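Read in my numbering, the sequence shown has 414 at position 182, and its numbers run on one by one without any break.
Just below is one structure, and these are the notes that go with it.
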Amino acid sequence: MSAIITLRIPASAFVLDDVLSRSSITEARLVRSVQLDGPTLSPLLWVRSDDPAQIASSLRDDPSVGSVAPFAPSSHGGVYRLSLRPLADEFMQLFVDGGLSVLDAHGRDGEWVVRVFAHDRDSIGSLGDGWRRTGTEFDVERLRSPEKLEDPTRFGLTDRQYRTLVTAFRQGYYSVPRDSGIRELSNAFGVTHQATSQRLRRGHERLIRRALVERPPPSLPY
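Below, the structure is given as structure tokens:
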């Protein structure tokens, strides 16, 4: 059975250790999925930096990077095309041997949080066994079936919260001036004013937290 696993890995065991530990670059993220199926990688990498003028040189100085080319630089960081050095070490080779796909990788503070897709769970077990043999530290944060993934367009809202917010929007609750109020919404849902107000507050809280506070770094510069 296929699975998606979320791992927390030290940058020293993955890539860009110097960049994430000892440079002005504060975070980095792969812009698109990368299949680790060859001797070299050339990913697009989004970065944020306190000193954008030093981004290219910081990337070039990292031992895991072969070459760097600006793709879409910005005043806060931007996107860069990297050519990584050959995947010769045993740690990275395990991705290749297992046919695992990196869906997302977000690095900051000297470590990476990586989401990996595996066609079967045996591949994940082999990956972990290989890392243990080499003494590599890693933490498994989540293991789940692709069928159970949360719909990203729902921002973690429950069905009730989703219906409440969408109904409120369609009935003009958020219009200025309002076309309907708590009373009309309560009648539509068949619940008390207090229950409707609580549904709205809880939905707003979760939507703001998921969409604005806990959102991942953007995939493109801004």
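For every residue, glycine included, the Cβ atom is placed at its ideal position computed from N, Cα and C.
Here the structure is a predicted model, which is why all the values come from computation and not from measurement.
Top-ranked residue by Cα proximity to PHE246, from PHE327, SER281, SER256 and ARG292: Your numbering for residue 246 matches position 14 in the sequence shown. Minimum Cα distance to PHE246 is reached at PHE327.
Run of the alpha helix (DSSP H) containing ARG438, from where it starts to where it stops: The residue labelled residue 438 in the question sits at position 206 within the sequence shown. 425-440 is the span of the alpha helix (DSSP H), which, as asked, contains ARG438.
Distance CB(ARG374)-CB(THR238) smaller than 7 Å: Start at 1 with the first residue of the sequence shown, and residue 374 comes out as number 142. Start at 1 with the first residue of the sequence shown, and residue 238 comes out as number 6. Result yes, Cβ atoms of ARG374 and THR238 sit closer than 7 Å.
Beta-carbon gap between ASP283 and SER256 smaller than 7 Å: The residue given as residue 283 occupies position 51 in the sequence shown. The residue given as residue 256 occupies position 24 in the sequence shown. A Cβ-Cβ contact shorter than 7 Å links ASP283 with SER256.
Range covered by the alpha helix (DSSP H) that runs through GLY362: For the purposes of this step, residue 362 is identified with residue 130 of the sequence shown, where counting begins at 1. Boundaries of the alpha helix (DSSP H) around GLY362: 353-365.
Buried or exposed (CB count within 10 angstroms, at least 16 for buried), THR396: Here residue 396 is taken as the residue at index 164 of the sequence shown, counted from 1. Burial call: buried.
Burial state of ALA343, where buried means 16 or more other Cβ atoms lie within 10 Å: As a first step, residue 343 must be located in the sequence shown, where it is residue number 111. Sequence check: residue 343 is Glu here, not Ala. GLU343 comes out buried.
Proximity below 7 Å, CB of GLN393 to CB of GLY435: Here residue 393 is taken as the residue at index 161 of the sequence shown, counted from 1. Here residue 435 is taken as the residue at index 203 of the sequence shown, counted from 1. With respect to the 7 Å criterion, GLN393 and GLY435 are classified as neighbours on the basis of their beta carbons.
Classification of ALA350 by the beta-carbon crowding that lies within 10 angstroms, buried from 16 upward: Locating residue 350 in the sequence shown gives position 118, where the first residue counts as 1. Buried: at least 16 other Cβ atoms inside 10 Å.
Residues that DSSP places opposite TYR312 in a beta bridge: As a working note, residue 312 is residue 80 in the sequence shown. Partner(s): LEU277 and PRO302.
Distance, TYR406 Cα to GLY298 Cα: Working through the sequence shown from its first residue, we reach residue 298 at position 66. Working through the sequence shown from its first residue, we reach residue 406 at position 174. When rounded, the distance between both Cα atoms is 52 Å.
Whole-number beta carbon distance between LEU291 and VAL251, since they are thought to touch under 8 Å: As a first step, residue 251 is located in the sequence shown; it is residue number 19 there, counting from the start. As a first step, residue 291 is located in the sequence shown; it is residue number 59 there, counting from the start. Taking 8 Å as the upper bound for CB-CB distance, VAL251 and LEU291 are in contact here, some 6 Å apart.
Validate contact between the region 334-343 and the region 361-369 using beta carbons, cut 8 Å, 3 pairs: Taking a contact to require three or more Cβ pairs closer than 8 Å, the region 334-343 and the region 361-369 do not qualify as touching.
Residue from ARG376, ALA243 and LEU262 whose Cα sits closest to the Cα of ASP294: Taking the sequence shown and counting its residues from 1, the one referred to as residue 294 is at position 62. The shortest Cα separation from ASP294 among ARG376, ALA243 and LEU262 belongs to ALA243.
Range covered by the alpha helix (DSSP H) that runs through THR396: Within the sequence shown, the letter at position 164 stands for residue 396. Taken as a continuous stretch (DSSP letters only), the alpha helix (DSSP H) holding THR396 covers 391-402.
ASP371, DSSP secondary structure in three states: Along the sequence shown, one-based indexing puts residue 371 at 139. Of the three classes helix, strand and coil, the one that applies to ASP371 here is strand, per DSSP.
PHE387 burial status per 10 Å Cβ neighbour count (16 or more: buried): Position 155 of the sequence shown, counting from 1, holds the residue named residue 387. Using a 10 angstroms sphere on the CB of PHE387, the tally of other CB atoms reaches 16 or more, which defines it as buried.
Cβ shell of ARG415 (< 7 Å), same chain only, five flanking positions each side left out: Position 183 of the sequence shown, counting from 1, holds the residue named residue 415. HIS425.
Short Cβ contact (7 Å threshold) for PHE303 with ARG317: Position 71 of the sequence shown holds residue 303. Position 85 of the sequence shown holds residue 317. No; because the gap between Cβ atoms is not below 7 Å, this pair is not in contact.
Secondary structure of PRO242, DSSP reduced to three states: By one-based count along the sequence shown, residue 242 stands at place 10. Of the three classes helix, strand and coil, the one that applies to PRO242 here is strand, per DSSP.
Three-state secondary structure assigned by DSSP to LEU248: Taking the first residue of the sequence shown as position 1, residue 248 is located at position 16. Coil.
Range of the contiguous beta strand (DSSP E) that encloses ALA420: The count along the sequence shown starts at 1 and reaches residue 420 at position 188. Element bounds for ALA420: not the beta strand (DSSP E) but the alpha helix (DSSP H), 414-421.
Residue from LEU389, ALA260, ALA420 and SER289 with nearest C-alpha to ARG441: The sequence position of residue 441 within the sequence shown is 209, counting from 1. Out of LEU389, ALA260, ALA420 and SER289, LEU389 has the C-alpha closest to the C-alpha of ARG441.
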